[in-house]
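**Student:**
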Amino acid sequence: MDDRISVLISEDEVDARIRELGELISEDYAGKELHLISVLKGGVFFTCELAKRISIPVTLDFMSVSSYGNEKSSSGVVKIVKDLDESIEGKDVLVVEDIVDSGRTLSYLMSMLKDRGPASLALCTLLDKPSRRTHPVDVDYTCFEVPDKFIVGYGLDYAQKYRNLPYIGVIGE
Ligand code: IMP
Ligand code: MG
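Residue 11 is where the sequence shown starts when you use our numbering, and the numbers rise one by one after that.
1. Helix or strand or just coil, what does DSSP make of residue 72?
2. Do residue 71 and residue 94 count as a contact pair if the criterion is CB distance below 8 Å?
3. For a test of your reading of the model: does the CB of residue 52 fall under 7 Å from any non-hydrogen atom of the ligand IMP? Yes or no.
4. What distance in whole Å lies between the Cβ atoms of residue 164 and residue 56, which are believed to be in contact at a cut-off of 8 Å?
5. Can you check which of these residues, 120, 113 and 124, is closest to residue 139 by C-alpha distance?
6. What are the start and end residues of each continuous alpha helix (DSSP H) run of 4 or more residues lying completely inside the region 16 to 54, in chain order?
7. State the start and end residues of the unbroken beta strand (DSSP E) segment that holds residue 151.
8. Is it the case that the region 125 to 133 contacts the region 153 to 164, given that we only count it when at least three CB pairs across the two stretches are under 8 Å?
9. Which residue marks the beginning of the beta strand (DSSP E) containing residue 89, and which one marks its end?
10. Short of 7 Å in beta carbon distance, which residues of its chain neighbour residue 32, apart from the five on each side in sequence? Order them along the chain.
11. To the nearest angstrom, how far is it from the Cα of residue 23 to the Cα of residue 110?
12. So the candidates are 178, 182 and 183; which of them puts its Cα closest to the Cα of residue 52?
13. How is the alpha helix (DSSP H) around residue 115 delimited, first residue to last?
14. Return yes when at least one heavy atom of the ligand IMP lies under 7 Å from the C-beta of residue 65, else no.
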């Protein structure tokens with residue numbers, strides 16, 4: 011795979027959509043406080059931009075997870091590499107992720123977080139690749155649906171590179 015990258019969604023388009031989603035989330039949670047859980051590392055760029063567009067009070071925490079075993083395993087078990095700093099009990103929680111692909115990571119993570127007793131729990135993703143889903147996940151907010159291509163930029167990496175691209179790109183085309 012060479013590292014030629016083409017723009018799939020421009021910086022302006024991403025910014026406009028995040029602004030829209032921030033307004034929608036602010037309306038949906040009006041009168042409440044929202045606790046954002048950013049999934050490291052990919053979710054961080056999106057989380058920061060989204061948080062700036064939310065007009066209700068926001069608190070932030072971070073979690074890092076990695077998949078156990080190989081891609082073909084259907085267990086859906088993920089390892090918590092870094093757990094949350096604070097309890098989510100009784101809070102309105104919104105998990106912020108870069109991409110929902112197979113759904114393996116998020117289906118596990120969401121059920122694990124639900125067991126911790128939040129007042130509400132929802133999921134917001136920058137990108138959704140529904141064609142790849144093997145593990146069902148309820149996605150509450152999506153910026154963009156993307157085709158089954160290898161995406162980089164805006165938090166998404168190829169071998170840890172390109173997370174810092176300000177647009178969403180496709181590699182190797
Ligand atoms: P899952 O398959 O839904 O569990 O997604 C696991 C993780 O794979 C995501 O959180 C991303 O970090 C990564 N991933 C999935 N698709 C892509 C892609 O197209 N580019 C970069 N990373 C991806
Ligand atoms: Mg991720």
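Built from N, CA and C at the ideal position, the CB exists for glycine as well.
**Tutor:** Reading off the structure:
1. strand
2. yes
3. yes
4. 6 Å
5. 113
6. 21 to 38
7. 151 to 155
8. no
9. 88 to 92
10. 60, 63 and 64
11. 20 Å
12. 178
13. 114 to 124
14. no
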